[in-house]
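Chains as they are written, first to last, in our numbering: chain W, 12 to 250; chain D, 12 to 250.
There are 2 protein chains.
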Amino acid sequence: MKKIDIIGQGNVGSHLYKAFAGKADVVNVNSRTLSELRFDADLYIIAVSDNAIANVAERIAGTVRNGSLVAHTSGTMTIDILDGHDFRIGVFYPLQTFSKNVNLDYQKIPIFIEAQNESDLKELSSIAALISRNVVRMDSERRKDLHIASVLSCNFVNHLWTLADKYLEEKGIDFTLLRPLIEETVRKLEHCSPFESQTGPAVRHDSKTIRSHTDRLSDHPEILKLYKDLTDSIELNHP
Amino acid sequence: MKKIDIIGQGNVGSHLYKAFAGKADVVNVNSRTLSELRFDADLYIIAVSDNAIANVAERIAGTVRNGSLVAHTSGTMTIDILDGHDFRIGVFYPLQTFSKNVNLDYQKIPIFIEAQNESDLKELSSIAALISRNVVRMDSERRKDLHIASVLSCNFVNHLWTLADKYLEEKGIDFTLLRPLIEETVRKLEHCSPFESQTGPAVRHDSKTIRSHTDRLSDHPEILKLYKDLTDSIELNHP
Numbered sequence: 012m013k014k015i016d017i018i019g020q021g022n023v024g025s026h027l028y029k030a031f032a033g034k035a036d037v038v039n040v041n042s043r044t045l046s047e048l049r050f051d052a053d054l055y056i057i058a059v060s061d062n063a064i065a066n067v068a069e070r071i072a073g074t075v076r077n078g079s080l081v082a083h084t085s086g087t088m089t090i091d092i093l094d095g096h097d098f099r100i101g102v103f104y105p106l107q108t109f110s111k112n113v114n115l116d117y118q119k120i121p122i123f124i125e126a127q128n129e130s131d132l133k134e135l136s137s138i139a140a141l142i143s144r145n146v147v148r149m150d151s152e153r154r155k156d157l158h159i160a161s162v163l164s165c166n167f168v169n170h171l172w173t174l175a176d177k178y179l180e181e182k183g184i185d186f187t188l189l190r191p192l193i194e195e196t197v198r199k200l201e202h203c204s205p206f207e208s209q210t211g212p213a214v215r216h217d218s219k220t221i222r223s224h225t226d227r228l229s230d231h232p233e234i235l236k237l238y239k240d241l242t243d244s245i246e247l248n249h250p
Numbered sequence: 012m013k014k015i016d017i018i019g020q021g022n023v024g025s026h027l028y029k030a031f032a033g034k035a036d037v038v039n040v041n042s043r044t045l046s047e048l049r050f051d052a053d054l055y056i057i058a059v060s061d062n063a064i065a066n067v068a069e070r071i072a073g074t075v076r077n078g079s080l081v082a083h084t085s086g087t088m089t090i091d092i093l094d095g096h097d098f099r100i101g102v103f104y105p106l107q108t109f110s111k112n113v114n115l116d117y118q119k120i121p122i123f124i125e126a127q128n129e130s131d132l133k134e135l136s137s138i139a140a141l142i143s144r145n146v147v148r149m150d151s152e153r154r155k156d157l158h159i160a161s162v163l164s165c166n167f168v169n170h171l172w173t174l175a176d177k178y179l180e181e182k183g184i185d186f187t188l189l190r191p192l193i194e195e196t197v198r199k200l201e202h203c204s205p206f207e208s209q210t211g212p213a214v215r216h217d218s219k220t221i222r223s224h225t226d227r228l229s230d231h232p233e234i235l236k237l238y239k240d241l242t243d244s245i246e247l248n249h250p
């Protein structure tokens, strides 16, 4: 069994630890104390916030065997943030939205790997394949673009649901009534591109409905601003 | 079997027609010619664009039996757009995103009904129950609020996916890599509110990542604007 030390016990670290349990000889190391850190793991995965990666790398450098393979899990940081130690370095980025207490089917989660030579890529790939059916090689620059797209597609989307939920709550309407609509919106992605499946007043250039909505949102300036910007953007993309 | 005339052969009309097939004696009437329109249907459902509803109502008024029950399917129009004829009037609003050629499980789609008296509400309710397990009474004002929330939760969300798709395509990255992330973002709604499950740089107040993204988006002003506005809105809601 591969020996894997996962450093960091936040959302990413704890989900990775669970995913590897039983498939590798894995420990989950507290990033502050580094107690339990092993000398001879096959892979060290640094799963801490972007700002803390360089610091953790420096602190483990004194403890782990020279030439160890060390990867971080960040979508935005380049591989070379791990430079400057007697490490082989890499990236092990699972593209997912992690929340504590929500279980995940890891097999479906794409894992994006990067390393500095073919043999390290193979090593990362075979370890990633223990937990995912979807292992993809991607360099740091493209990973940044992917991360931006994931912020649009996931974080911002979830925030629009937050605003809708808040708005409906004020009006005494249950947000869960929207769940079938939301699920269908996602399901349509299986059949056609989001561009093709766009619906709603903006793509129809239905200015009457748009005006009725913006009038009604006049006492919700924060939602109104996003409503206008997103409507403009839809109209621009669907002239 | 109930006799139902669905007037309008666009997305909503054709999906409703399919949903009722076999469960009611249903015809789908072309809204321009009105050929096949029956004199004595139990319910006339006007499934045309908002702007055309009043006109269709006027045109069928001469043909159908006095006192017929006539409903429209709009999320935004009030019930009284059907006023002024010898009709009993109502609303029959299925909250869903309809695309031609994508089949739907109608049983899950909430149908919002409105009428002017209890017996008409019961009639609409029993007809809606033929095709949906989720029939909800809702007045015109609350239906407008629901419609606004559905634009935020579905149309705008789909547009963010369109922008992500376009951006990734430029970079040579496959949008379908984001599908597991998107599906998980939806699935989390089963477990907690969207507010609770918010993730990403904005909710972490990770200004370094946000700046790296906005720098990178400087040649995509349209996405950049939405990126900034949505980030501001997340930060405002999660101080």
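Glycine included, each C-beta is placed from N, C-alpha and C at the ideal position.
Taking 3 residues as the minimum length, the beta strand (DSSP E) runs contained wholly in the region 24-108 of chain D are 36-40, 54-57, 79-83 and 98-105, in order along the chain.
Nearest to W/Leu115 by C-alpha distance, out of W/Leu241, W/Ala213, W/Ser25 and W/Asp240, is W/Ser25.
Straight across, the Cα-Cα distance linking W/Asp61 with W/Ile142 is about 23 Å. Under the three-state reduction of DSSP output, W/Asp217 falls in the coil class, being neither helix nor strand. D/Gly211 counts as buried, since at least 16 other C-beta atoms from the protein chains shown sit within 10 angstroms of its C-beta. Within chain W, the residues Thr173, Asp176 and Lys177 have their CB atoms less than 8 Å from the CB of D/Phe206, given in chain order.
W/Met149 and W/Leu200 have their alpha carbons spaced roughly 24 Å apart. W/Ile142 carries a coil assignment under DSSP once its states are collapsed to helix, strand and coil. Cβ atoms of D/Tyr104 and D/Ser85 come within 8 Å of each other, at about 7 Å. Taken in chain order, the members of the region 181-198 of chain D whose beta-carbon sits within less than 7 Å of a beta-carbon on chain W are Lys182, Ile184, Leu188, Leu189, Arg190, Pro191, Leu192, Ile193, Glu194, Glu195, Thr196 and Val197. Per DSSP, reduced to three states, the secondary structure at D/Asp131 is helical.
Taken atom to atom, the span from the alpha-carbon of W/Ser136 to that of W/Asn145 is near 10 Å. For D/Asp243, the enclosing alpha helix (DSSP H) stretches over residues Pro232 to Asn248. Bounds of the alpha helix (DSSP H) holding D/Glu181 are Phe167 to Glu181.
In this structure, DSSP gives W/Ile18 an extended state, which the three-state scheme calls strand. By the CB criterion at 8 Å, W/Ala213 and W/Glu180 fall outside the cutoff. Any Cβ of chain D closer than 8 Å to the Cβ of W/Ile120 would place that residue at the interface, and such an atom is present. D/Glu207 carries a coil assignment under DSSP once its states are collapsed to helix, strand and coil. Apart from the 5 residues on each side of it in sequence, W/Ala82 sits with its Cβ closer than 6 Å to the Cβ of Ile56, Gly101, Val102 and Phe103 in its chain, given in chain order. Listed along chain W are Pro191, Leu192 and Glu195, each with a C-beta nearer than 8 Å to that of D/Gln107. Less than 8 Å separates the beta-carbon of W/Ile193 from that of D/Ser164. Counting along the chain, W/Glu152 sits inside the alpha helix (DSSP H) bounded by residues Ser151 to Ser161. Against chain W, the beta carbon of D/Lys219 has neighbours under 9 Å at Asp61, Asn62 and Thr87, listed in chain order. Linking D/Leu188 to D/Asn77 through their CA atoms gives a straight-line distance of about 57 Å. Rounded to the nearest whole angstrom, the C-alpha separation of D/Ile124 and W/Ile184 is 15 Å. The beta carbon of W/Val162 sits closer than 8 Å to some beta carbon of chain D.
The beta carbons of D/Glu47 and D/Val38 sit about 5 Å from each other, so the pair counts as a contact at 8 Å.
The contact set of W/Asp91 on chain D, defined by CB atoms closer than 9 Å, is empty, because the minimum CB distance reaches about 15 Å.
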